[in-house]
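Chains H and A supply the protein sequences, listed in that same order.
Counting from 1, one number per residue, gives the positions in the first sequence under my numbering.
Counting from 1, one number per residue, gives the positions in the second sequence under my numbering.
Ideal placement from N, C-alpha and C gives every residue a C-beta, glycine not left out.
One structure is given here, and the rest of the page talks about it.
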Amino acid sequence: KAGVTQTPRYLIKTRGQQVTLSCSPISGHRSVSWYQQTPGQGLQFLFEYFSETQRNKGNFPGRFSGRQFSNSRSEMNVSTLELGDSALYLCASSLGFRANTGELFFGEGSRLTVL
Amino acid sequence: AQSVTQLDSHVSVSEGTPVLLRCNYSSSYSPSLFWYVQHPNKGLQLLLKYTSAATLVKGINGFEAEFKKSETSFHLTKPSAHMSDAAEYFCVVTGGGTASKLTFGTGTRLQVTL
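Encoded structure:
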């Protein structure tokens, strides 16, 4: 069974641009959650989707948004990029609705560098 | 509210010696607790989880953790370290409630030397 796939793996953007990251969950998994990982702030929860609906949201500004499609694939978008958005963005999928009660399967992440 | 504190940012052990990675938690509800491992340039992998069943939890690769409510701790141990255990380890807590989220610790980098 294929794991969680994130694309692109690496990308470089400049301040003010926007970026879209993609996540394909494990087949059959309906919950997708996103995390930002930085050396200074560690791992921070962004949002969680289940059945195309955002079920939970972390404390990030509105520039961070996401969506989930009917095939459970998810995208996250960051608009008006700032230098501080440079991070590894991790996607995780799980079987159940609430990722906090089940095992999370993580992708290898998308490393975003903002210049 | 919930939080998790990993008491050591870096732990160094010799191969073949025991590993102890410490984690204290705080939660308003009965918590679920997890340990994840992250190897360089990889995503996180679940090592083990506690969800109010047995307090001693066995995980993959010989790791185990004991839930101690009186001490609000969930320390990760392994009897004998292997070079392949070198990685970053994250303690994670979640409480109850439909709006509960996963809260990650700041991580402990485990170094294993010959």
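- F74 (chain A) is outside the set of residues whose beta carbon lies under 8 Å from a beta carbon in chain H.
- Contact of N56 (chain H) with chain A is assigned, a C-beta pair being separated by under 8 Å.
- Separation of Q2 (chain A) and N71 (chain H) (C-alpha to C-alpha, rounded to the nearest whole angstrom) is 33 Å.
- Among the CB atoms of chain A, one or more fall inside 8 Å of the CB of L104 (chain H).
- Look at L76 (chain A) here: in three-state DSSP terms it is strand.
- Listed by position along chain H, the residues whose Cβ is nearer than 7 Å to that of T106 (chain A) are G42.
- At a cut-off of 8 Å between beta carbons, L46 (chain A) contacts chain H.
- With a threshold of 16 other beta carbon atoms within 10 Å, S32 (chain A) meets it and is buried.
- For the region 52 to 115 of chain H, the full-length beta strand (DSSP E) segments reaching 3 residues or more read 53 to 57, 64 to 68, 74 to 78, 87 to 94 and 110 to 114 along the chain.
- Under the DSSP assignment, L46 (chain A) falls in the beta strand (DSSP E) whose first and last residues are L44 to Y50.
- Not a single C-beta of chain H is nearer than 8 Å to the C-beta of K58 (chain A).
- Looking from the CA of P40 (chain A), the closest CA among A:S12, A:F104, A:A87 and A:T51 belongs to A:A87.
- Remark: C-beta atoms of C91 (chain H) and V4 (chain H) approach each other more closely than 8 Å.
- One thing to note: C23 (chain H) has its Cβ no nearer than 8 Å to the Cβ of S86 (chain H).
- The region 8 to 26 of chain A and the region 24 to 36 of chain H do not touch, with fewer than three beta-carbon pairs separated by less than 8 Å.
- Using beta-carbon distances, L11 (chain H) does not count as an interface residue toward chain A, since no partner is under 8 Å.
- At a cut-off of 3 residues, the continuous stretches assigned as beta strand (DSSP E) that sit fully inside the region 6 to 63 of chain A are 10 to 14, 19 to 21, 23 to 27, 32 to 38, 44 to 50 and 56 to 58.
- When C-beta distances to chain H are compared with 9 Å, the residues of the region 29 to 44 of chain A below that value are S32, F34, Y36, Q38, N41, K42, G43 and L44, in chain order.
- In the same chain as P18 (chain A), and ignoring 5 residues on each side of it, the C-beta atoms closer than 8 Å to its own belong to T77, K78, P79, S80 and A81, in chain order.
- Note that the C-beta distance between E15 (chain A) and L110 (chain A) is not below 8 Å.
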